[in-house]
Amino acid sequence: MHPTTIFTPFFKSITRQITTEANPSSWNALIKSHTQANRPRTAISFYNQMIQNGAPPNNFTFPIVLKACSLSRSSHKASEIHARILKTGFHSDPYVQVSLIHLSFAFGDLRTPRLLFHGQISKNSALWNVMISGGKLALFLFQIGISGSGEVGSWNYTEKRDFD
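According to full-length UniProt numbering, the residues represented by the sequence shown are 1 to 164, in order.
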């Protein structure tokens, strides 16, 4: 018998118990487990259930669900979650900031990370690391832009200038 066959009823029982609670920690564990198992759509679905059940998302919830949005390439859901982050006041949390910047880079947005970075009063190592990684992406995109035509296109110059 396959190990997942044995544990499936157990996991379904645990999931049923978690989804009736309003405890954000339990929901976060459930959402994170699906994100880490590369099931981002399921993770997002559990996030939606969390909201519907009245469990308040916290500064641990948002980075997990933003990663799920990145993995699923769901920019619409990411925008919706970003709006909730702003509404609930978690936009100034350093871990949420790093996740928003990472998500923006993942969707090819080079402007938003700069704005978020400069808006942060305290810049920790995680914030610097995500900006450096994103800067590598920006440089790569810039190099691709000039390698094809031999000249810098207007979008490349504009986006590159934002990092000055």
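Positions of the beta carbon are idealized from the N, C-alpha and C atoms, including for glycine.
Exercise for the section: Measure how close the beta-carbons of VAL96 and PHE46 come, nearest whole angstrom, since I'm counting them as under 8 Å. Expected result: 19 Å between Cβ atoms; not a contact.
Problem - Contact the stretch 116-124 vs the stretch 61-81: 3+ CB pairs below 8 Å - result: no
Handout entry: Top-ranked residue by Cα proximity to residue 175, from ASP109, GLY108, ASN38 and HIS102
Key = Since the displayed the chain opens at 1 and closes at 164, residue 175 lies outside it and no answer follows.
Practice task
With DSSP as the reference, label ALA78 as helix, strand or coil.
Solution key: helix
Practice task
Have a look at ASN48 and ASN124 and give me their C-alpha separation to the nearest angstrom.
Solution key: 31 Å
Practice task
Using beta-carbon positions only, say whether PHE90 and ASN53 come within less than 8 Å of one another.
Solution key: no
Practice task
Please go through the same chain and pick out, in chain order, the residues whose beta-carbon is closer than 7 Å to the beta-carbon of residue 176, but skip the five residues on each side of it.
Solution key: In the structure displayed, the chain extends from 1 to 164; residue 176 sits before or after that span and is not available.
Problem - DSSP three-state assignment for LEU86, whether helix, strand or coil - result: helix
Handout entry: C-alpha distance - GLY134 paired with PRO24, whole-angstrom precision
Key = 30 Å
Practice task
Kindly list the residues whose CB is nearer than 6 Å to the CB of ARG41, restricted to its own chain and excluding five residues on each side of it in sequence; keep chain order.
Solution key: SER72
Practice task
Please determine, among SER26, CYS69 and SER122, the residue with the shortest C-alpha to C-alpha distance to PRO57.
Solution key: SER26
Exercise for the section: Just the C-alpha distance for ARG65 and SER122, rounded to the nearest angstrom, thanks. Expected result: This sequence places Val at residue 65; Arg is not what is there. Distance between the alpha carbons of VAL65 and SER122: 24 Å.
Problem - Per-residue DSSP class, three states only, for ILE31 - result: helix
Handout entry: HIS76, buried or exposed, once every other Cβ within 10 Å from all chains shown has been counted against 16
Key = exposed
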